[in-house]
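Each number in the numbering used here comes from the position in the sequence shown (counting from 1) with 1420 added on.
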Amino acid sequence: MIKLGSSDKEYIVRIEAVILAAGIATFLVAGVAANQQKTAPSQAQKIFARAKADDFMGDSGCNDCHAKTVEAFHGSGHEAYMKNPNAPLEKQGCEGCHGAGYIHQSEENPEVISFRNMTPKESSAACLRCHESTLSERHWKLSSHSQADLSCVSCHQIHPNSDSNWVTRTGKAPPQNPKAVVHVAKVKPKALLMADEVTLCGQCHASEVAKFRLPSHHPVPEGEMVCSECHSVHPTKSSKGKVAHTKENCVTCHSQFEGPFAFEHDPVAGNGGEGCMECHKPHGSGNPKMLKAFSRGLCAQCHTEKLGSHYPGRTCWSSGCHVATHGSNSSQHFLQP
Ligand code: HEC
Ligand code: HEC
Ligand code: HEC
Ligand code: HEC
Ligand code: HEC
Ligand code: HEC
Ligand code: HEC
Ligand code: HEC
Ligand code: HEC
């Protein structure tokens, strides 16, 4: 074993104190849990609770048996943070994610945190140990992805050389039809995603992604936009969490329609209903300007009394009449801006 300097010893004493405190906290939480039926500690939390300071072997220990994995990790987005010597042992290096090495190697009851062999819930909990500050477990559980049994590693790839494939990560076969992926622009994957974002989403949401092939669409296939500019893929503490189909989201980019206008058009102003989605499709449409309908039928969704005799032309806007459909500062009938 490596010799310890006095500062190291101090450090370990501190860690033991932390572990003790954590132990007491766990005990208290357990007491509360008994009363409130709170969720039990995750598998990862239990493994870390078991670890004493000298159960940690450091990355060089892993190197003895997993040399290729250690070497490839030099390219990982986590490397810099993992190598922080000031971080507590249970958040350092390989062991920060996989648990203490001597517990993994112990004679009786060896345990290692193996993300791809855990249930999605346990796997995500092991990531959230560190990411709770931006992404709380409570919020994550409410997301439709969590409820559909996805885990963090369904989308993120931590080891650049990981040999695990789509099936071991998601429990699903990859799509048979490669054309399902519409993304044509070359975009580099970011945020440690398995693939560039649109390709990734397209693996499971082929039909939504296919809508971006329609003549009028948001410039996603062109590489100018990604899905997460409108969807908060995983709710963070600052985001609302759900699909953003509210006016607020649309007008972050289309601010000219934000208003307020002297004369508001109810559906645009978002007074109830679907707001912008009363008239537009969000992804793409066969009609110009991503409209739900190409002619007066669009307006007749609500203004049924105007359907017959009001004006015989095709549309109510491009014929030069209601040109300011989104609201006007000069015309009560939206005849000019
Ligand atoms: C003495 C050799 C040895 C050392 C040291 C060692 N491991 Fe392992 N590890 C193994 C063996 C053997 C397996 C089982 C391989 C298998 O089942 O495919 C394994 C399995 C694993 C797995 C599970 C693989 C899976 O299928 O998901 C992980 C994760 C892991 N080790 C991480 C580590 C980390 C991190 C360290 C350093 C703290 C480490 N190991 C140190 C030998 C070792
Ligand atoms: C940020 C968390 C994290 C860190 C840090 C980390 N791993 Fe992993 N590791 C994972 C995840 C997640 C998987 C599952 C990979 C997958 O499904 O592709 C994994 C898989 C593995 C496996 C089994 C699968 C394989 O590809 O062989 C081994 C062995 C392993 N890690 C060893 C290590 C070693 C050694 C280190 C330090 C150099 C390390 N890990 C650092 C998260 C981490
Ligand atoms: C030991 C603590 C720890 C664990 C466990 C951990 N992370 Fe991280 N991770 C960090 C830190 C620290 C950062 C950098 C600061 C930040 O973005 O919060 C980071 C960054 C990231 C990033 C952003 C990287 C980038 O390039 O933008 C992703 C994605 C990520 N982690 C996913 C995961 C996933 C998935 C898991 C579980 C397999 C995981 N993390 C487990 C500590 C951890
Ligand atoms: C459905 C796919 C998907 C799943 C599942 C997923 N993520 Fe992400 N994650 C993304 C995408 C897409 C981004 C990029 C967002 C961006 O560019 O701002 C991202 C970004 C991140 C980032 C870096 C940016 C930030 O917000 O700080 C972290 C950290 C992260 N994810 C952690 C996690 C953790 C932890 C889990 C599991 C609890 C998880 N992710 C599950 C798709 C996913
Ligand atoms: C591994 C498969 C998988 C991946 C990858 C994936 N999703 Fe999902 N997503 C699902 C499942 C399953 C649901 C649950 C609802 C359903 O069945 O459609 C869902 C739900 C959603 C919903 C919510 C629908 C609703 O009714 O609330 C949105 C929005 C969404 N995903 C967007 C994305 C985006 C954006 C990405 C890429 C960053 C992505 N998804 C990646 C499987 C996936
Ligand atoms: C311009 C913003 C925007 C972009 C970009 C966007 N979406 Fe959406 N998406 C929406 C809105 C708004 C809805 C809600 C539609 C509704 O309520 O009619 C939605 C709905 C969805 C749904 C749920 C569909 C359903 O029927 O429940 C999924 C899944 C989805 N989007 C996936 C994606 C994927 C994958 C991408 C990237 C390829 C993407 N979205 C890009 C705005 C967007
Ligand atoms: C992240 C920025 C962003 C968000 C959010 C956004 N858009 Fe867009 N939108 C764009 C861009 C970029 C274009 C393409 C503009 C161009 O080609 O001149 C566009 C184009 C459009 C067009 C015109 C399409 C055409 O064929 O000319 C409509 C209509 C539209 N958006 C509606 C919406 C609606 C409704 C929402 C909310 C669901 C929304 N946008 C959210 C960026 C955004
Ligand atoms: C009552 C129906 C209706 C509603 C609600 C509506 N729009 Fe439109 N929008 C239209 C029509 C009609 C056009 C086509 C106008 C034209 O071709 O001159 C259009 C065109 C657009 C364009 C393309 C503008 C251009 O010059 O290319 C954008 C962007 C847009 N709408 C965004 C929005 C946003 C954002 C909202 C919500 C705040 C919204 N729309 C709500 C009917 C609507
Ligand atoms: C989702 C329902 C809905 C749709 C779709 C819709 N409107 Fe409206 N519109 C309203 C409501 C509600 C009012 C305010 C109440 C009223 O005056 O009838 C209104 C008011 C108006 C007014 C001002 C009042 C008036 O009678 O002069 C005009 C003009 C108008 N709409 C034109 C249009 C045009 C053109 C379209 C198609 C591009 C359209 N609307 C689509 C709901 C809708």
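Note that CB positions come from ideal geometry on N, CA and C, so glycine has one too.
Would you report the Cα separation of residue i and residue j, rounded to the nearest angstrom?
i, j, result
"S1648", "E1528", "46 Å"
"K1610", "H1498", "13 Å"
"S1738", "F1714", "11 Å"
"C1547", "P1540", "11 Å"
"Q1623", "P1594", "7 Å"
"S1534", "L1509", "19 Å"
"E1642", "C1621", "16 Å"
"L1555", "E1698", "32 Å"
"T1590", "F1754", "51 Å"
"P1687", "N1504", "53 Å"
"A1469", "I1523", "11 Å"
"P1639", "M1538", "38 Å"
"G1693", "V1587", "40 Å"
"K1726", "C1670", "28 Å"
"C1696", "F1677", "10 Å"
"V1490", "T1619", "28 Å"
"I1467", "H1565", "26 Å"
"V1604", "K1488", "33 Å"
"Y1501", "L1562", "28 Å"
"Q1512", "S1574", "24 Å"
Let's test the definition: count the other Cβ atoms within 10 Å of the Cβ of residue i and tell me whether it reaches 16, buried, or not, exposed.
i, result
"D1475", "buried"
"D1394", "Nothing can be reported for residue 1394, as the shown portion of the chain is limited to 1421 through 1757."
"P1680", "exposed"
"Q1756", "exposed"
"H1674", "exposed"
"P1708", "exposed"
"Q1752", "exposed"
Pick helix, strand or coil for residue i, following the three-state DSSP scheme.
i, result
"N1749", "coil"
"S1582", "coil"
"F1681", "coil"
"L1555", "coil"
"S1770", "Summary: the structure shown does not reach residue 1770, with the chain confined to residues 1421 through 1757, and so no result is reported for it."
"G1591", "coil"
"S1715", "coil"
"S1571", "coil"
"S1462", "coil"
"H1565", "helix"
Could you check whether residue j and residue i sit closer than 8 Å to each other, using their CB atoms as the reference points?
i, j, result
"S1627", "G1704", "no"
"W1560", "H1625", "no"
"V1646", "E1668", "no"
"Q1577", "M1614", "yes"
"A1682", "N1749", "yes"
"S1652", "E1542", "no"
"H1579", "A1507", "no"
"H1746", "H1700", "no"
"V1602", "F1632", "yes"
Quick one, which of the options has its alpha-carbon nearest residue i's?
i, options, result
"D1479", "K1472, Q1465, G1519 and G1591", "G1519"
"L1612", "A1630, C1572, V1602 and T1672", "C1572"
"G1706", "K1472, Q1512, C1722 and A1630", "A1630"
"V1532", "S1729, G1717, T1672 and Q1465", "Q1465"
"Q1525", "E1557, G1495, F1632 and A1471", "A1471"
"R1734", "T1724, R1558, M1502 and G1717", "G1717"
"C1514", "M1477, R1549, I1467 and C1741", "M1477"
"D1759", "G1521, S1553 and C1736", "Any property of residue 1759 remains undetermined from this structure, which presents the chain solely from 1421 to 1757."
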